[in-house]
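Structure first, then comments.
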Amino acid sequence: MRVQPTPPAKASARRRSLVRRVLRNNRGVSVVEFALIAPVFIGMLLIVFEFGFAFYAKAVLQGAVEEAARTATLENTSWDTLSNRVNRQVRNVIPASDADTEISFDLDPVYYANYVDINLPEDFEDNNNNNMWDSDECFVDRNSNGTYDTDVGLSGRGGAQDVVTITATLTYVRPFPLWKLFQLDSTQTVRVSTYLRNQPFSAQAAANNVRICPTP
1 MRVQPTPPAK ASARRRSLVR RVLRNNRGVS VVEFALIAPV FIGMLLIVFE FGFAFYAKAV
61 LQGAVEEAAR TATLENTSWD TLSNRVNRQV RNVIPASDAD TEISFDLDPV YYANYVDINL
121 PEDFEDNNNN NMWDSDECFV DRNSNGTYDT DVGLSGRGGA QDVVTITATL TYVRPFPLWK
181 LFQLDSTQTV RVSTYLRNQP FSAQAAANNV RICPTP
């Protein structure tokens, strides 16, 4: 039996019907949408986790350093004891991302005569008005070390009633793989500081404030 060919009008109608059915079929759309949205969503979560952990690590270090500083203001306190205590506290709280992770902690004490001296440069005679000290200009040696300093602080814990600043730096391996995606360093470093006045277990040493001028 001979098959009659489908008229062009009916063939066109069938194609349009097929297209409408395909367009109305939404099976698998959720999978495609998830495939498009998932990388962005996971990336945002990693960013939140990364910054959240950094703030957490800094808060832990800040608290440990402040506790150490309060103890350091007392007489006859060993810096090694304080460093070991803070290092132990930080290691107990901040988890390591793997067994080879090293969390480094360092105490760098500097002391000042008063709070207003913190990060204060020594006074000098600015003869050429360039707002910088030059080797041919006189200056007031407030920390008695014989040289001009942009910070009058001295290394060490100081004496009675001196203001001690303790700065600690914590370096740890990033626990989340965000650094791999953005080609960042695999470690993160946070730095904190605190300032406390030593207890008055004796009279505070008087500042010399010697004026030093260059030799002609």
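The sequence shown maps to residues 1 to 216 in UniProt numbering.
Every residue gets a Cβ at the ideal spot worked out from N, C-alpha and C, and that includes glycine.
In this text the structure is predicted, and so the values were computed from the model without any measurement.
Beta-bridge partners of Q188, as assigned by DSSP: For the purposes of this step, residue 188 is taken as the residue at position 188 of the sequence shown. For Q188, which the question treats as bridged, DSSP gives the partners Y172.
Please tell me whether T167 and D108 are closer than 8 Å, where the distance is taken between their beta carbons. Position 167 of the sequence shown, counting from 1, holds the residue named residue 167. Position 108 of the sequence shown, counting from 1, holds the residue named residue 108. In contact: T167 and D108 (Cβ atoms closer than 8 Å).
With DSSP collapsed to three states, give me the class of R197. Counting from one through the sequence shown, the residue named residue 197 turns up at place 197. R197 carries a strand assignment under DSSP once its states are collapsed to helix, strand and coil.
Per-residue DSSP class, three states only, for L120: Within the sequence shown, residue 120 is the residue found at index 120, counting from 1. Coil at L120, not helix or strand.
R211 by DSSP, collapsed to three states: which one? Counted from its first residue, the sequence shown places residue 211 at position 211. DSSP places R211 in strand when its eight states are reduced to three.
Candidates C138, R70, V40, of which the one nearest V210 by Cα: Locating residue 210 in the sequence shown gives position 210, where the first residue counts as 1. Looking at the Cα atoms, C138 is the closest of the given residues.
Please determine if the stretch 54-73 and the stretch 153-167 are in contact, where contact requires at least 3 C-beta pairs separated by less than 8 Å. yes
Where do the N-terminal and C-terminal ends of the alpha helix (DSSP H) with D80 fall, by residue? Along the sequence shown, one-based indexing puts residue 80 at 80. Its alpha helix (DSSP H) spans residues 79-93.
Per-residue burial, N130 [other beta carbons within 10 Å of its own, 16 or more giving buried]: As a position in the sequence shown, residue 130 is number 130, starting the count at 1. Answer is exposed; the Cβ neighbour count stays below 16.
In angstroms with no decimal places, state the Cα-to-Cα distance between D141 and K58. In the sequence shown, residue 141 corresponds to position 141, counting from 1. In the sequence shown, residue 58 corresponds to position 58, counting from 1. Their Cα atoms are separated by approximately 35 Å.
Cutting at 8 Å between CB atoms, please list the residues of its own chain near V3, excluding the five before and the five after it. As a first step, residue 3 is located in the sequence shown; it is residue number 3 there, counting from the start. Because the pLDDT at V3 is just 48, under 50, the model does not fix this residue reliably, and the value given afterwards should be weighed accordingly. No residues qualify anywhere along the chain.
Nearest-angstrom Cα separation, counted from G159 out to P214: Reading the sequence shown from its first residue, position 214 is the one you call residue 214. Reading the sequence shown from its first residue, position 159 is the one you call residue 159. G159 has its alpha-carbon roughly 30 Å from the corresponding atom of P214.
Given that a residue counts as buried once 16 or more other Cβ atoms are within 10 Å of its Cβ, and exposed if not, what is N198? In the sequence shown, the residue the question calls residue 198 occupies position 198. Looking at its Cβ environment, which holds 16 or more other Cβ atoms inside 10 Å, N198 is buried.
Based on the DSSP secondary-structure assignment, which residues constitute the bridge partners of L154? Here residue 154 corresponds to residue number 154 of the sequence shown, with the count starting at 1. For L154, which the question treats as bridged, DSSP gives the partners Y111.
Measuring only the C-alpha atoms, how far is E50 from P177? On the sequence shown, position 50 is the one that residue 50 refers to. On the sequence shown, position 177 is the one that residue 177 refers to. Cα to Cα, E50 sits roughly 9 Å from P177.
Would you call the stretch 121-136 and the stretch 84-93 touching, i.e. three or more CB-CB distances under 8 Å? no
Could you give the distance in angstroms between the alpha-carbon of Y112 and the alpha-carbon of L154? Numbered from its first residue, the sequence shown carries residue 112 at position 112. Numbered from its first residue, the sequence shown carries residue 154 at position 154. Using only the alpha carbons, I get a separation of about 7 Å.
Rounded to a whole number of angstroms, what is the C-alpha to C-alpha distance between Y172 and Y56? Against the sequence shown, residue 172 aligns to sequence position 172. Against the sequence shown, residue 56 aligns to sequence position 56. If I take the Cα positions, the gap works out to 12 Å.
Please name the residue in L181, Q161, N145, P175 whose C-alpha comes closest to that of Y195. Indexing the sequence shown from 1 puts residue 195 at position 195. Out of L181, Q161, N145, P175, the CA that lies nearest to the CA of Y195 is found in Q161.
Span of the alpha helix (DSSP H), counted from its first residue to its last, around W179: Along the sequence shown, read from residue 1 onward, the residue named residue 179 stands at position 179. Unbroken alpha helix (DSSP H) run through W179: 178-181.
In chain order, what residues of the same chain lie with their CB nearer than 7 Å to the CB of S135, ignoring the 5 residues before and after it? Looking up residue 135 in the sequence shown gives position 135. So the list reads P214, once near-sequence residues are dropped.
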